[in-house]
Amino acid sequence: MIFHNLKHMQPRQLLYSVFLLCNLTVLSAQRPTVEDFTMSGDTYLTDEECFRLTDEFDYSSGSIWYKVPIDLRSAFSIRLSIMAGCQDAVGADGMVFAFTPRANVTGYRGEGIGYSGLSPSVGIEIDTWLNEHLGDPIEDHISIMLNGRVGHWNDLVGPVKIPNIEDCERHGFYVNWDPGSQKLSVEIDGVEVISGQIDLINKVFGGRSMVYWGMTAATGRYNNIHEVCFDRIASLPGMGPSNLVD
Ligand SMILES: [Ca+2]
Ligand SMILES: [Ca+2]
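Here this note's numbering is used: the first residue of the sequence shown is 1, the next is one more, and so on.
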């Protein structure tokens with residue numbers, strides 16, 4: 001039914017991706033539109049209302065940032081749909097979801113994945129290119145990183161190997177935060193792939209609870225398309241408009 005209705009919905013109606021949860025009960029929700037994000041670097045909006053952070057060009061980088069900061073004193077689940085490229089063997093470099101007090105910035109490209117150099121920050125890196133000097137596994141992998149440092153010896157958690165994600169498909173990417181247990185967890189396609197217990201407010205952001213969130217991506221000597229979309233959210237069972245409270 002939701003799928004059927006999608007054909008008749010305006011793009012703006014599809015862009016509800018942030019669900020603010022409190023005590024596991026939906027008390028309020030937002031329906032972001034493309035205008036709610038700032039674009040940085042090479043990012044542009046596609047005809048399908050996706051943010052394309054990089055095309056299949058070498059040495060490209062881009063990012064999007066939600067304009068309104070989020071409060072780490074509240075529980076939330078930020079739900080995005082990502083596409084990490086169509087080239088596996090020669091695809092690079094990946095994408096990073098980040099929290100940072102500064103909005104509208106993109107870090108270093110290539111192995112920095114548009115994230116390195118952003119500090120203070122917490123980054124959830126989806127890395128698709130082996131950089132041996134950074135301690136990368138050969139497989140695609142995910143890790144929770146601190147302060148824009150992409151060598152894995154600095155990781156808060158990880159790296160955790162994941163199945164090839166450069167499969168030209170959109171994947172559900174959820175970032176969940178519970179300030180009570182200080183648990184930061186990440187789901188890909190509904191499966192929790194990494195989590196950690198981290199005092200984000202005090203240990204990372206110096207007592208600051210309001211931070212921006214966004215997604216970065218980059219290419220280097222090799223490349224891939226990297227996109228953030230919202231359509232998958234609208235098609236997930238139980239995540240339709242009826243679950244939202246204005
Ligand atoms: Ca890498
Ligand atoms: Ca891969």
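Note that the Cβ used here is the ideal one computed from N, Cα and C, for glycine as well. As the structure is a prediction and not an experimental result, all values here were calculated from the model.
Secondary structure of Lys-203 (DSSP, three-state): helix.
Relative to the non-hydrogen atoms of ligand 2, the Cβ of Thr-54 never comes closer than 7 angstroms to any of them. Excluding its 5 nearest sequence neighbours in each direction, Val-211 has C-beta neighbours in its own chain below 7 angstroms: Pro-69, Ile-70, Leu-72, Phe-99, Thr-100, Pro-101, Phe-205, listed in chain order. Around Gly-180, the same chain offers no residue with a beta carbon nearer than 7 angstroms, after the five sequence neighbours per side are excluded. Shown here, Glu-139 sits in coil according to DSSP, grouped into three states, outside any helix or strand. In this model, Gln-182 and Asn-202 are separated by some 11 angstroms (Cα to Cα). Taking C-beta separations shorter than 6 angstroms and ignoring five residues to either side along the sequence, the partners of Ala-103 in its chain run Trp-65, Tyr-212, following chain order.
Its chain contains Gln-182 as the residues whose beta carbon lies nearer than 6 angstroms to that of Asp-199, once the 5 sequence neighbours on both sides are disregarded; these appear in chain order. If you look at Gln-197, you'll find it in the beta strand (DSSP E) that goes 191-197. When the alpha-carbon of Glu-125 is set against those of Ile-138, His-133, Gly-91, Val-160, the nearest one is in Val-160.
Sequence-distant Cβ neighbours of Ser-116 in its own chain, meaning closer than 6 angstroms and more than five residues away, are Gly-107, Tyr-108, Gly-148, Val-150.
Burial state of Tyr-174 is buried, judged by a 10 Å Cβ sphere holding 16 or more other Cβ atoms. For Leu-45, same chain residues with a beta-carbon under 8 angstroms away, outside a window of 5 residues either side, are Val-34, Met-39, Phe-51, Arg-52 in chain order.
Cβ atoms of Met-145 and Gly-123 come within 8 angstroms of each other, at about 4 angstroms.
According to the DSSP secondary-structure assignment, Val-90 is paired through a beta bridge with no residue. Here the alpha carbon of Met-83 sits roughly 15 angstroms from the alpha carbon of Asp-47.
Straight-line spacing of the CA atoms in Cys-168 and Glu-227 works out to 10 angstroms. Proximity to ligand 2 was defined by a C-beta distance below 5 angstroms to any of its heavy atoms, and the residues meeting it, in sequence along the chain, are Asp-88, Thr-128, Asp-140, Asn-164, Glu-166. Taken from the Cβ of Asn-131, at least one heavy atom of ligand 1 lies inside 7 angstroms. For Leu-118, the Cβ stays outside the 7 angstroms cut-off from all heavy atoms of ligand 1. Counting the other CB atoms within 10 Å of its CB gives Ile-165 a total of 16 or more, which places it among the buried residues.
Out of Val-157, Val-186, Ala-89, the CA that lies nearest to the CA of Ile-138 is found in Ala-89.
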